[in-house]
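For what it's worth, the numbering used here labels the leading residue of the sequence shown as 6, then goes sequentially. Read through the structure below, which is laid out as structure tokens, and then see the notes.
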Amino acid sequence: MSAEHKAKAKAEQAKGRLKEATGRAAGDRRMQAEGRTEKAKGDIRETAEDVRRTLKK
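Okay, structure coming up:
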């Protein structure tokens, strides 16, 4: 299950980076902010999964 969660986190990070870059290219500050938010959510999910994995040891 942890590999699945980690993959979802990585996908969310990638989606956020893409959205942020698209917003930057288009000059759309709102899209940039949404992208940063999505990337941050992915970062948080990944960190939470790392903590879970560490606590299971």
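Here a beta-carbon is modelled for each residue, glycine too, at the ideal position from N, C-alpha and C.
For Gln37, same chain residues with a beta-carbon under 6 Å away, outside a window of 5 residues either side, are Glu25, Gly28, Arg29 in chain order. Approximately 19 Å separates the beta-carbon atoms of Glu43 and Glu9; this is outside 8 Å, ruling out the contact. The shortest CA-to-CA distance from Gly40 to any of Glu51, Lys15, Gly21, Lys62 is the one to Gly21. Per the C-alpha coordinates, the member of Arg57, Thr52, Gly47 positioned closest to Leu23 is Gly47.
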